[in-house]
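For the sequence shown, our numbering begins at 1 and goes up steadily by one. Here the structure comes first, spelled out in structure tokens, and everything after it is commentary.
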Amino acid sequence: MGLNLRIIVHIMGLLLLCNGGFMLVAALVSGIYMDGATLDLAMAAIVTLLVGVMAMFYTRGHRKEVKRKEGYIIVTFGWLVMSLSGVLPYLFSGAVPSVTDAFFETISGYTTTGASILNDIESLPKGILFWRSLTHWIGGMGIIVLAIAILPLLGIGGMQLFAAEAPGPGGDKLHPRITDTAKRLWFIYVGYTVAETILLKLAGMSFFDAMNHALATLSTGGFSTKNGSVAYWNNQPIIQYIIIVFMFLAGTNFVISYFAFTKKIQRVIKDEEFKVYSFFIIGFTLVAFFIVLLQADVQISEYHPQVWGKTESAFRHALFQVLAIVTTTGFVTADFTNWTPFLTVFFFGLMFLGGSAGSTSGGIKVMRHLLIIKNGILEFKRTLHTNAIIPVRYNNKTVTEHIVYNIIAFFVLYMLLFIIGALVLAFLGLDFESAIGGAASSLGNVGPALGDLNPVVNFSELPAFGKWWCGFLMLLGRLELFTVLILFTPFFWKRT
Numbered sequence: 001m002g003l004n005l006r007i008i009v010h011i012m013g014l015l016l017l018c019n020g021g022f023m024l025v026a027a028l029v030s031g032i033y034m035d036g037a038t039l040d041l042a043m044a045a046i047v048t049l050l051v052g053v054m055a056m057f058y059t060r061g062h063r064k065e066v067k068r069k070e071g072y073i074i075v076t077f078g079w080l081v082m083s084l085s086g087v088l089p090y091l092f093s094g095a096v097p098s099v100t101d102a103f104f105e106t107i108s109g110y111t112t113t114g115a116s117i118l119n120d121i122e123s124l125p126k127g128i129l130f131w132r133s134l135t136h137w138i139g140g141m142g143i144i145v146l147a148i149a150i151l152p153l154l155g156i157g158g159m160q161l162f163a164a165e166a167p168g169p170g171g172d173k174l175h176p177r178i179t180d181t182a183k184r185l186w187f188i189y190v191g192y193t194v195a196e197t198i199l200l201k202l203a204g205m206s207f208f209d210a211m212n213h214a215l216a217t218l219s220t221g222g223f224s225t226k227n228g229s230v231a232y233w234n235n236q237p238i239i240q241y242i243i244i245v246f247m248f249l250a251g252t253n254f255v256i257s258y259f260a261f262t263k264k265i266q267r268v269i270k271d272e273e274f275k276v277y278s279f280f281i282i283g284f285t286l287v288a289f290f291i292v293l294l295q296a297d298v299q300i301s302e303y304h305p306q307v308w309g310k311t312e313s314a315f316r317h318a319l320f321q322v323l324a325i326v327t328t329t330g331f332v333t334a335d336f337t338n339w340t341p342f343l344t345v346f347f348f349g350l351m352f353l354g355g356s357a358g359s360t361s362g363g364i365k366v367m368r369h370l371l372i373i374k375n376g377i378l379e380f381k382r383t384l385h386t387n388a389i390i391p392v393r394y395n396n397k398t399v400t401e402h403i404v405y406n407i408i409a410f411f412v413l414y415m416l417l418f419i420i421g422a423l424v425l426a427f428l429g430l431d432f433e434s435a436i437g438g439a440a441s442s443l444g445n446v447g448p449a450l451g452d453l454n455p456v457v458n459f460s461e462l463p464a465f466g467k468w469w470c471g472f473l474m475l476l477g478r479l480e481l482f483t484v485l486i487l488f489t490p491f492f493w494k495r496t
């Protein structure tokens, strides 16, 4: 039996309806602020909705069965369809007149990368800025669905462990509890977004800025409404500390938040990934803090005496940038590439870490690093005890060899794609630092990079092919590599 193309097109139509609905919300925001882009956003929404309705209407007699092949196609093409339709608000309004630039900005949003080609963000209509932030939030919400309901069923390495911890997925078929699980995690996602919006508003942000930064934080996206990103509020530490808290939560497995809210605190405390994730944040922050304090110049907050101000500012900038890079949120309070050469390399290394599995973060993920390290240590024991069966254990459960091999393959493939990504960018004329920074940032969905793509610049000067290439890397990284790359293998398309 061949591919069930009708169900694939039907789901694409459903995604377009969702996208069109979100565009109407952006049009509403535009109308409230009377920014002149309301009609453009409404037209983009209508076009998207019409295409979605036609796709669903002509495939209404589809066979209600999604197998693995259809699953891979739906996940990959779903992100592409959302991104391609998501360019319409930019093009219709003239905010980003180039198709290449509009696609880059859109896919950077949906993949929650946060890299931008816009040079004057503050001049854009508020409706467009809100749409830009919404693309983050939609992408982050979609990743939760993937992690909970889809990737484990497709056999994507590493996510099976997360699925085992989540109160839902199991077996080869969708279980009714998966829907319940996704709803609960969406509720937490929305709740965190609302809570951060309120807190940022109380801390001194305008409601519009608070709402947009909450959307970007919880999705670990990083699009800001200010040209200087969060550095705009360097003299309002409380705003940056609020964002710090929610970046940490966004980079944590959302199931951990679910356990915390249901008073299963022991499950939170005993979770290995959460402990390692927290330890990494603390350890890396201390390293960055002492180097920033002793060697780098940071802006001293006007709210504190001179000595305490320098200490507090150094700690805040260090903690903020460590979290922004590890969780792949990508907000900026300072250009860390100008601090010291050591810290430039240090933060470049953090681009490969990533947050927790089951979070909205990009990157390799803490859990994969943890299991690779555990397996590496056990190899020494296996060398000494050649006949012993010594399995890798995670949260006191044995990890199957299949998952271990899959994670190792993922890591090797990730590094290979990083090298290829950097080589392509170098071939296009970028210098060494910019090429490796751009590849690592795009593949890890980080946002800021190095060299000519550093945190206070953007990707606007990339050649056209470079922007499409970085967009491809963003999609690869966001969808766990295998999901996209398997579509390029000849055996995937063979009839079975």
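We put the CB at the ideal spot given by N, CA and C, even for glycine.
query: Helix or strand or just coil, what does DSSP make of LYS397?; result: strand
query: With THR76 and LEU479 assumed to form a contact (beta carbons below 8 Å), what rounded beta-carbon distance in angstroms separates them?; result: 6 Å
query: Assuming ALA260 contacts LEU218 under a Cβ cut-off of 8 Å, what Cβ separation, rounded to an integer in Å, is found between them?; result: 16 Å between Cβ atoms; not a contact.
query: Pull up the distance between the alpha-carbon of THR329 and that of LEU453, whole angstroms please.; result: 16 Å
query: Less than 8 Å between the C-beta atoms of GLY222 and PHE331, yes or no?; result: yes
query: According to DSSP, is TRP233 helix, strand or coil?; result: helix
query: Short check: CB of LEU134 to CB of PHE22, under 8 Å?; result: yes
query: Give me the Cα-Cα distance between TRP137 and LEU485, rounded to the nearest whole angstrom.; result: 25 Å
query: CB-CB under 7 Å to ALA27, same chain, minus the five flanking residues each way: which ones, in chain order?; result: THR38, LEU41, ALA42, ALA45, GLY127
query: Nearest by alpha-carbon distance to ALA115: which of PHE488, GLY444, PHE492, PHE491 is it?; result: GLY444
query: State the DSSP-derived secondary structure class of ALA409, mapped to helix, strand or coil.; result: helix
query: When you compare only the Cα positions, how much space is there between GLY309 and ASN235?; result: 11 Å
query: So is GLY171 buried or exposed if we call it buried at 16+ other beta carbons inside 10 Å?; result: Confidence in GLY171 is poor, its pLDDT being 29 and thus under 50, which makes the residue's placement unreliable; the coordinate value appears in the next sentence. With fewer than 16 Cβ atoms within 10 Å of its Cβ, GLY171 is classed as exposed.
query: Between LEU88 and GLY354, what straight-line distance do the alpha-carbon atoms span, to the nearest angstrom?; result: 31 Å
query: Below 8 Å between beta carbons: does that hold for LYS69 and PHE482?; result: no
query: CB-CB under 8 Å to VAL399, same chain, minus the five flanking residues each way: which ones, in chain order?; result: LEU161, LEU371, PRO391, VAL392, ARG393
query: From GLY142 to LEU16, what distance separates their C-alpha atoms?; result: 14 Å
query: Please look up how many angstroms separate the CB atoms of SER83 and ILE107, rounded, as I've assumed it's under 8 Å.; result: 4 Å
query: Let me confirm a value: GLY283 is counted as buried when at least 16 other C-beta atoms fall within 10 Å, else exposed. Which label applies?; result: exposed
query: Under 8 Å, do ASP431 and GLY451 count as touching if we go by C-beta distance?; result: yes
query: From this set, PHE290, ARG495, LYS494, LEU475, which residue's C-alpha is nearest GLU105's C-alpha?; result: LEU475
query: Can you list, in chain order, the stretches of the alpha helix (DSSP H) that have 4 or more residues and sit fully within the region 20–103?; result: 38–58, 68–86, 88–93
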